[in-house]
Structure formats: structure tokens, C-alpha cells
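Residue numbers (the numbering used here): 170 to 829. Cβ coordinates follow ideal geometry from the N, Cα and C atoms, glycine included.
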Amino acid sequence: MKHHICEADRMIAPVPRKIVSTRLASLITRVTPIALIVALAACARADLNIAAHQGAITVNDNDTPVFASVTDTPLHVLTPSGAAPVAMSVDSGTASMQLSGIAADTLKLEQTFRRISSDLIAREVSASATVDMRYYIDFGWKVVQAGPLYSFTGEEAKSASYTPSCSGPEFGGGSYQTFPFMGYVHDGALYGVVADTPGLWENRCFMRFDLENRALHLANGDGSAKRVIAIPREVDATTVYRATFDGWQHIEAGETQSFTTWIFKSPAKTLYDVQLGAHLALANAKGWNSSALEAILRNTSYVLLRRNLLRPESDHIFISGVGYGWKQWVTDGFYMSRGLDDPVYDAAAFNAVFYDRIAYEDNAQYYLIWAALVKRAGGDIDMRTVDRAYRFMRANERDGLFQPPRLKPDHKGFRTYHDLLEYDDGDTPSANQGFHCGALLAARELGYAITGEEVEKAKAGYASMFNADGGYMQTSLMKPELIGQDSLYGEVLTFAVFGEKLLPDDIVRKHLETTMRIQSPYGMRVISKANGDLVDGHSGVYVFGGSWFLNDSANYLCGLIHGMDPKWVDDRLVWRVEKELAAMPAFHESISTVDGHPHGHHLYSWNSGYHWLRKNVRARLNMPGPDPVETRLDEVLGISKNDANLTLNPRAATLRPANH
């Protein structure tokens, strides 16, 4: 929204600048702090705005204060000696206000409040040091109005602390808050603050709900002492993840560090509205807001970005979920890179992969496909690791079929992404074979001497896993009695990347026809008996017959690739997404095929790759224009586009939990 300066602003005399400044760009004119509230009231804007009074900052909704500084200064800075006093002064200028600040005589601060829309403000803080030091900043707010406080997962009825960044096994477990959001609801409106990804805060993001003082503390440190952290040996089969860590930001003399949070307002009647409001704020701030689906999925990748502090290979990784710790699996890192669609973090996550992460399941195949994509984008790839991945893959190939070896000598699992499912030695899971075909194409693009006959042999091996009598893709070559719903997503990825189909049309169509007859009311069982029943001993949850969104959606996309009716495919995708989003606007690790409840992490990693797969499949099939699936989902979620931003209208929504 364009901001107009009112006459009251112009009448206030400027004050000379001192030290470092805090700009409130495009929101207010530089004025003295005491007079500023009067100036803003005279403008009477019907939106979020910023005011300063005697050094503290207030966030107002029109004339109503909704947030106030947690202390009497515009920034709460802490050092090992305690809270650092921040000296204040004011400067004048066009369409901005500068509040000069310096903490502990060594840390110069500059703060900018920048309007993105009438209900969304970016708060950008930079810190420059004159000496090497430790510090952290509390970017939180006091809650001014009445109303319940919320995290992403629910109402906070008592004081509580969470950390989206430090809750994995290297910290002994912890909170399962993935989305760095805090807020409260007052009179039908959500007022919230969202932090930037922990990956840009050195993996230090800490939230504290202080109900006694009605305060939301959101900090980039917690002041904890230096200690050694490590992912326990029993949690990883092969690798050491270990580093020293503390709860401080570390800055060197002459260095500048920057941190961003966003303040927003959104209508809210229910927890679901609160969660959508947080999603839309982050997506509108980052600009990935063509639809709610894009917002949710790209946000998922972004909030799971981390600094690679436990390994030396690269600066950043994508974690699979906050409970898994600071480690990156190849498959999850690949799909989150596709979901975020940022070449810088894509290359970083790719280069974070080391050989011990490659030599099992279908990871070598993913790694080779990933290498081809990074190279296309102009990124640097380590051909030493690429070569080891290629040689591992070919060493475990028999007559065009990839036969994954055991990861653990005493366990027949860890052969596919759905790792706990067991396959006999010498078996070929159909899930892996599609990726194997794609990896051969990637290897050829990377310069390896792959013949057309070798590719065709791998395709024939893939097709041999179709059970003609039952009309379905088997879960593996040696398990003809079991149907595998993870059997087609390798083909979809191969088509999205290389534009090449792997299976005959009739195999894919018959598999989907069979699937429609036998699937559960909540989606496809990743593995089941041929009639759709659970395998003996399976629960219908997780890898034991649960429904995994990326597998289900890829099956429908595979139907689209092989000529099935696009309208039918769209209908099925909308149906499956609605099952996924029934409990909250998040894509889960899996959902139960018995009762539909979500299982495992919310905002789960690899689902973010769906948006990229769908977009690239449609592009390969020359299907331009808005995605009808995303358009229909916006309608049921109550979301529309307004002035280039997504907005929420809860009254227009039809997709909400039954108990709301």
C-alpha cells in the first residue's frame, strides 16, 4: 500500500542524529518519539502501523494498540553480563524515523519497519560489532489487548517455552513446534509475529509464552552455556553428527548480522484460521503466494532449512522434521530443495550429501538426478561423490534391476524410502526401479557412457513388476501378492526432470483403476494386500499401511502423464489434499488409513516437492494457465488474492475440522 504523509508529520521539528539508527520506512516520518503517536493518530490509517513513545515501540491496528515493546526500549538485547542498555536518539528524514541505538557500548543496531501490505510489516534488524562478542535479541512483544495466546499447534493456556530449532535428539528431544509463530486473537482478529527460518538465525530460535505478563518472547538465543551436542549413535547407523553449541549469537569485530521477523493481522475464528494466517503472512512476505497450496508447501521447506552445524560439507541443509535433528536425508533434502526452488539452497543441500548417506535405499539414484539438476542451474557439484554414487548403483544392478543391499547386517529393511518394510536379499522394490531408470538418464547427462539399450533394459525390469492378473504394480519383484502405492513416483520424477515416460500407458491406467476400487476412505495404503486389506500385523499407520501424500499425489500425476482425463486427475488430487488438510493446514508424515488421523510430524519435509512436481509435469504436458487444483483448494480454504497478496475470509471457507 502506498503511504501518504499527513500534515501533522511535516510540522514536527527534527532531532539531530546520533550513533546508529532504526528506520520505520514507508510507515512514518522521522519525528520526536513523544510527538509521534499524535502524528500517527492524525493520519487515522485503517491498518497496522508503528508508533514510538519515549523510546518504546507500539504496533497499532488503526488507533488501537495491539503490541508493545517487551521493555522500555525498541530492542531487548542481552549479553553474558545481562540485559544491555540501549542508548536512544532520533533523526529526521523523508518517510522514515531513525531511533539510534547502541548496546553495551559495542553493538550498533539498526532497525527497519517496512510495510509489505496494510496488514503485514517486516521488522529488519542489523547488528554491527566493534569487538568480538556474544549476544542475542528478543524480538517479541507484550500483548496489549485481551484474548487467547496461540502457537501454531494450539492455544497456549499456560506459560510455556518452545524451540523450533533445538528439539532433535542431539538436544534430548523437545518441543515439536515447527512453525516459528506466536500470536493472539482479539475480537475476531489474529495479531501475530513470525520469525525467519532458523537456518538464517544460526539454528537459534526460541519462543516463550509468558501468560502472567501477557508477553510473547521470540529470541535468536537463550543464553545457554557452551556444550557438546551430538546425535546419539543408535539414531544413525553409520555416521557421527557432533559439534559444540551454545545459546548465543557470535559476532566478530567489523561484522554485520541481520535478522527479520514479520508482524501481521489476519481474521480468525478458529485455530485453523490462526494456522492459515501464519502461513499467509510468511508466504506473502517471501512472495511465494500464487495459492494457498504453494504457500503451505514452500513454507514447509523454508521453516525446515538449517545451518549445517554438525557436519563440514556445506553451509545449509534441510531437516526432515524438528524431531529428527540437524541431519539431512537424501530424499527429503531433494524434495525440500525442489519445494523451496531456490538455487542457492538447492546447491548447498546437494553438497551436504556425503557417501554414507548415499549407499543404501534409493539414495544413489536421487543423488544422481539431483546432481543433474544442480549442474543445469549452474551449481557446483562434487564429481568424486557423484562417481561413488554411480559406481554403487551399477554395482548393485542385475539385468537392469536395482537390488539395494542391506544397510544393517541384521535387518532386511532400509531398502526403500519406507525404510522399515523388509525385502529379501536379491529383491527389487518397484519404488526404487523408477528412480533407477531416471538415474541412468541423469548419469548419461552427467557424462557417463549409458547406452540406450541399458535404459530400455531398466524400463523393461520396471514393467516386469506389473501383476497382470491382479492389475497392479507389485511392491517388489518377489512379493507379487502385495500392491505397492510407492511404485510410480519414480516415473513421475523422471518425467518431470527428463520428459521421458518409463511404463506403458495401460500398466499405469490399470494400476490406478485397481487402486480406485481398493483404496481406503483416507487415501492409498503404501503397501497392502491385493484386495486393499492391511498386511497381517500392520496398523494402517506410517509405513505399515498408512497413506503418504507424495506417493498418492504422484500416482495421480502418473495417470495424467499417461493420458488419463485431466479433470478426473484434478478431482482426485483435490480429494486427497482435502484429506491431508482436514485436521490442520499442513502436510503430514502420513495419515492413518483406518481413521484419517495425522501421524508423525506436521509440516513434513518431502511433501513440499509436490508443488514442483505438479508444476513441471503440467509444463511438460503443455498445460498453461492457473492450476485448477490450487484454485479449487483456495476456494474451500476461504482464500483469495488481493493486491498481489493472499487473504483469508473464514466465512467463505468450507474445509475446516469437523469439531470447529
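C-beta contact flag for residue i and residue j at 8 Å
i       : j       : result
Ser-320 : Phe-340 : no
Val-695 : Gly-715 : yes
Ser-435 : Leu-449 : yes
Cys-727 : Glu-660 : yes
His-313 : Pro-234 : This sequence places Val at residue 313; His is not what is there. Yes, the pair counts as a contact, with Cβ atoms nearer than the cut-off.
Tyr-514 : Leu-570 : no
Tyr-345 : Gly-492 : yes
Leu-815 : Thr-469 : no
Trp-310 : Val-239 : yes
Ser-330 : Met-376 : yes
Thr-347 : Pro-333 : yes
Ala-326 : His-355 : no
Thr-683 : Tyr-641 : yes
Arg-152 : Gly-778 : Nothing about residue 152 can be read from this structure; the chain reaches only from 170 to 829.
Val-555 : Leu-576 : no
Ala-595 : Tyr-631 : Note on residue identity: the sequence assigns Gly, not Ala, to residue 595. No, Cβ-Cβ distance for Gly-595 and Tyr-631 is not below 8 Å.
Spatial distance of residue i from residue j (CA atoms)
i       : j       : result
Gly-616 : Gly-607 : 15 Å
Glu-623 : Phe-433 : 55 Å
Ile-203 : Val-228 : Confidence in Ile-203 is poor, its pLDDT being 33 and thus under 50, which makes the residue's placement too unreliable to answer from.
Arg-199 : Tyr-304 : Here Arg-199 scores only 29 on pLDDT, less than 50, and its place in the model should not be relied on; the value that follows carries that caveat. If I take the Cα positions, the gap works out to 29 Å.
Ser-130 : Lys-395 : Nothing about residue 130 can be read from this structure; the chain reaches only from 170 to 829.
Arg-789 : Ala-665 : 7 Å
Thr-823 : Arg-741 : 18 Å
Gly-416 : Gly-390 : 5 Å
Asp-284 : Glu-403 : In the sequence as presented, Asp is not what sits at residue 284; that position holds Arg. Roughly 48 Å separates the two Cα atoms.
Leu-385 : Ala-751 : 29 Å
Thr-620 : Asn-601 : 20 Å
Ile-676 : Asp-531 : 23 Å
Ala-802 : Asp-307 : Contrary to the premise, residue 802 reads as Leu rather than Ala in this sequence. So the alpha carbons of these two residues sit roughly 37 Å apart.
Tyr-658 : Ile-730 : 12 Å
Arg-526 : Ala-296 : 37 Å
Phe-583 : Thr-407 : 13 Å
Phe-561 : Lys-748 : 39 Å
Asp-551 : Gln-534 : 16 Å
Ala-558 : Asp-501 : 17 Å
Gln-426 : His-419 : 9 Å
Pro-819 : Arg-567 : 56 Å
Ile-226 : Ile-219 : 7 Å
Met-685 : Trp-539 : 32 Å
Ser-774 : Ile-398 : 23 Å
Pro-288 : Asp-230 : The amino acid occupying residue 288 in the given sequence is Asp; Pro does not appear at that position. Computed Cα separation, rounded: 9 Å.
Thr-800 : Lys-810 : 11 Å
Asp-379 : Ala-273 : 26 Å
Leu-782 : Gly-423 : 44 Å
Extent of the continuous alpha helix (DSSP H) run through residue i
i       : result
His-605 : 599–614
Asp-803 : 797–806
Trp-737 : 735–749
Leu-719 : 718–730
Val-543 : 532–545
His-689 : Looking at the sequence shown, residue 689 is not His but Ser. Per DSSP, Ser-689 belongs to no alpha helix (DSSP H) and is neither H nor E.
Asn-133 : As displayed, the chain neither begins before 170 nor continues past 829, which places residue 133 out of reach and without an answer.
Ser-506 : 499–509
Bridge partners - residue i, DSSP secondary structure assignment
i       : result
Ala-252 : Leu-247
Met-832 : Nothing in the structure corresponds to residue 832, since the chain is present only between 170 and 829.
Ile-486 : Arg-475
Glu-431 : In the sequence on display, residue 431 carries Trp and not Glu. According to DSSP, which records beta bridges pairwise, Trp-431 is partnered with Ala-291 and Val-363.
Asn-814 : Asn-811
Lys-311 : Ala-237 and Ala-384
Met-351 : Val-362
Tyr-319 : Glu-324 and Gly-352
Arg-411 : Ala-399
Met-302 : Ile-420
Val-710 : Phe-713
Residue interval of the beta strand (DSSP E) (run including residue i)
i       : result
Phe-282 : 276–286
Asn-458 : Counting along the chain, Asn-458 falls outside any beta strand (DSSP E), and DSSP gives it neither H nor E.
Ala-221 : 217–222
Thr-227 : 225–230
Cβ-heavy atom distance, residue i to the ligand HEM, below 7 Å
i       : result
Glu-530 : By its list of ligands, the structure shown contains no ligand whatsoever, and the ligand HEM lies outside what it can speak to.
Proximity test, Cβ basis, 8 Å: residue i and chain B
i       : result
Leu-802 : Among the chains of the structure shown, chain B does not appear; only one protein chain is present.
**Request:** Could you name each continuous beta strand (DSSP E) segment of 3 residues or more that falls completely within the region 632–680, going from the start of the chain to the end?
**Result:** Those beta strand (DSSP E) runs which fall completely within the region 632–680 and span 3+ residues are 651–653.
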